[in-house]
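Numbering (our numbering), first residue to last: 159 to 628.
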């Protein structure tokens, strides 16, 4: 009997993690299969790429993961990377929002919230009144903007939530699905009746656990510590590829179509070559997956086509520290609604992690575009540099030109989970389940972060192996 062949299309974090966990699950049941990862580009990693140049380390995509969920930490342990983990500096807890051209530190506690000038007293009273707002019990999806206005008010939306939406999703809160983008916030209202009520209950629970000597996560905020590696977040994908085995990864292998006949799948690449597979995991972005399956599954392709992406330009700028007159100890800043330019926010990368810039130099990384500025990639590199420097020099009080410039362009940067996303994903899952041996895994469906991708990879890999042994 021929060895079973499992093909993963896509060599980003989703595809690589899925391949790793399939291999792990098979080993646990003393079984084997041929596993092949097909990647269209000349390097693995997808949007996780770390570039080192003249002492700077610039991240093409995400710059790390949060430790508030166990999935990535667990994977690092399996991969032997635990000793190489690099936690963000304590100063990275200081985050800022630019409003009316001024840099405002986000509050960490109730006292700081009351003393903070970012939100007006009227806005603070409106936020405090959230505890009296009635609970909305409904299965109908709600936009992030509608939820925030309903519970916290317009000012909280403009100065707190909209900047966060830009920073995480490069998205527009008016169209973003609350349930898909921030499921925890949705659950807090459903379970406790409101956000402040939930915070009070969880704080009480946290104090009780602490008194009893139990360890628990912080009851407020996203929690966790931003974590990466001294050599960049691409260390993770490179190690995954090494464990999977380079002989099992085919680069420059662009898949253009798949077909299902006689209980086997045929994978066709751009050169007309074919690979026969028993099972396929489609771990490409939705905009790629829709084209691959269009010839054989046009109805699923139409569903995938409904997942939109926001474009981003990432502009990395290095400066001599002596030319930056504002304190750079912090995470960075985002822009409140109404600060009308193409920059969504800027990370102070060399303050977040060590070894990101040469001695006496600093590295800033700005994100431009997103759902609100979809024309961003029409600008030349010089124009992008000029736009970024104009706002950065003003806010950070910089009196010289950058010593280093690196620009990355993402036509399809981050999938947009619009209102109705969860229902759309269910429709896609139901349609895919009708075709034996085909699976989907990518950040287009279950969460955009590294933790989300790895958690989804574990589930998909287990399903692949369970179907394999039936």
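C-beta: ideal position from N, C-alpha, C; glycine also.
For the 8 angstroms Cβ check, are there 3 or more pairs between the region 481 to 501 and the region 456 to 469?
-> no
Runs of alpha helix (DSSP H) wholly within the region 305 to 353 (minimum 4 residues, chain order) = Complete alpha helix (DSSP H) runs here, min 4: 320 to 327, 336 to 339, 341 to 350.
Under a three-way DSSP split, which group does residue 637 fall into?
-> Residue 637 is absent from the model: the chain starts at 159 and stops at 628.
If residue 577 and residue 301 are in contact, beta carbons under 8 angstroms, what's the gap, nearest whole angstrom?
-> 5 angstroms
So the beta strand (DSSP E) residue 475 belongs to, where does it begin and stop?
-> For residue 475, the enclosing beta strand (DSSP E) begins and ends at 466 to 478.
Buried/exposed call for residue 275, threshold 16 Cβ in 10 Å | exposed
What does DSSP give as the partner residues of residue 415 in its beta bridges?
-> Beta-bridge pairing links residue 415 to 426.
Under the assumption that residue 166 contacts residue 191 (Cβ atoms under 8 angstroms), give the Cβ distance between them as a whole number of angstroms.
-> Actually they do not touch by this definition, with Cβ atoms about 12 angstroms apart.
Span of the beta strand (DSSP E) holding residue 567?
-> Annotation for residue 567: the continuous beta strand (DSSP E) segment containing it runs 562 to 574.
Should residue 221 and residue 386 be called a contact, given that it needs their Cβ atoms to be closer than 8 angstroms?
-> yes
How far does the alpha helix (DSSP H) with residue 173 in it reach, from first residue to last?
-> 171 to 186 is the span of the alpha helix (DSSP H), which, as asked, contains residue 173.
Which term fits residue 374, buried or exposed, when burial requires 16 or more other beta carbons within 10 angstroms of its beta carbon?
-> Here residue 374 scores only 48 on pLDDT, less than 50, and its place in the model is too uncertain to base an answer on.
Let me know if residue 499 comes out buried or exposed under the rule of 16 or more other beta-carbons within 10 Å of its beta-carbon.
-> exposed
Rounded separation between residue 376 and residue 179 - CA only = Note on residue 376: pLDDT 44, under 50, position unreliable in the model; no value is reported.
Can you tell which of 177, 390, 570, 558 has its C-alpha closest to the C-alpha of residue 206?
-> 390
Could you tell me whether the region 413 to 422 touches the region 254 to 269, where touching means 3 or more Cβ pairs closer than 8 angstroms?
-> no
Count the other CB atoms within 10 Å of the CB of residue 316; is the residue buried (16 or more) or exposed (fewer)?
-> buried
Quick one: residues in its chain with C-beta nearer than 7 angstroms to the C-beta of residue 104, no 5 flanking neighbours on either side, listed in chain order?
-> The question about residue 104 has no answer here: the residues shown for the chain are numbered 159 through 628.
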